[in-house]
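Trainee:
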Amino acid sequence: MILVLRSGVGEAEVEDVVLALTAAGARSRVLRGAGRPLVHVLERPRGGVRRFARHRAVEGVEPLSRSRQRRIGRPFYPHHFLGWCAAMLLLSGALVLLSGFFPRGLGESPDPRLPPAEVQAPWYLRPLSGLLHLFPPGWEWAAWLAAALLALTACLVPALDRGRGRLPGAPALAAGLALAAAALALSVLGG
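So in this note's numbering, the last one in the sequence shown is 193, and the numbering has no gaps at all.
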């Protein structure tokens, strides 16, 4: 938090604000610039920072400094969370709207007396089905173990890579692409 002090305040008033923050259990530092002093609150005081906005030398409270916000990004909750919720509501609304333009059902009803030629696994189980077909009968447990190890590896690679690359999300992107490529290959190979 940044406490923006009124323009023209003296050193005694700045020191008074810093002492009040210290008495409340907060660490702070004074920043000089932009024609007025600023007090950067490093640790949150007991009772919060907002109560210091009523101090006679304080003009306002900035929730987060802009440079720090650029460096660490916006917090997930509530900023990104609300954005994703709004996007999901828009997507759901678009799907409901589109569903009104198409007829109900998927064609003719199937004849229960004639079974289909081949029952395929649903799309979300095809990669696992392809992996199961690669192993000989009786070794299905090895296929399940291999699938679990692949998923665990894909999840752990970004956490284990501590290198500082140019793109911070590159390991996660690479792991996701590798997992998607493996799922696609197993879907095609497994039939």
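A virtual CB, placed ideally from N, CA and C, is assigned to each residue, including glycine.
#1: Could you compute how far the alpha carbon of arginine 8 sits from the alpha carbon of serine 30?
#2: Between the segment 182-190 and the segment 131-144, can you find at least three pairs of beta-carbon atoms closer than 8 Å?
#3: Which runs of the alpha helix (DSSP H), 4 residues or longer, sit entirely within the segment 82-133?
#4: Report the option in Ala172, His82, Leu181 whose CA atom is closest to the CA atom of leucine 1.
#5: What does DSSP give as the partner residues of arginine 56 in its beta bridges?
#6: Using the three-state DSSP reduction, which class does proline 138 fall into: helix, strand or coil?
#7: Rounded to a whole number of angstroms, what is the C-alpha to C-alpha distance between serine 94 and glutamate 64?
#8: Can you tell me which residues form a DSSP beta bridge with valine 6?
#9: Would you identify the three-state DSSP class for valine 19, choosing helix, strand or coil?
#10: So which of Pro47, Pro39, Leu158 has the shortest CA-CA distance to glycine 12?
Mentor: So, to answer that:
#1: The residue given as residue 8 occupies position 6 in the sequence shown. The residue given as residue 30 occupies position 28 in the sequence shown. Looking at the backbone, the Cα of arginine 8 and that of serine 30 are separated by about 17 Å.
#2: yes
#3: 83-101
#4: There is simply no residue 1 to check, as the chain begins at 3 and stops at 193 in what is shown.
#5: The residue you call residue 56 lines up with position 54 of the sequence shown. Answer is none; arginine 56 lacks a bridge partner.
#6: For the purposes of this step, residue 138 is taken as the residue at position 136 of the sequence shown. Of the three classes helix, strand and coil, the one that applies to proline 138 here is coil, per DSSP.
#7: Along the sequence shown, one-based indexing puts residue 94 at 92. Along the sequence shown, one-based indexing puts residue 64 at 62. If I take the Cα positions, the gap works out to 36 Å.
#8: Counting from 1 along the sequence shown, the entry for residue 6 is found at position 4. Per DSSP, Leu40, Gly62.
#9: Taking the sequence shown and counting its residues from 1, one reaches residue 19 at position 17. If DSSP states are grouped into helix, strand and coil, valine 19 belongs with the helices.
#10: What you label residue 12 is simply residue 10 of the sequence shown in a count that begins at 1. Ranking Pro47, Pro39, Leu158 by Cα distance to glycine 12 puts Pro39 first.
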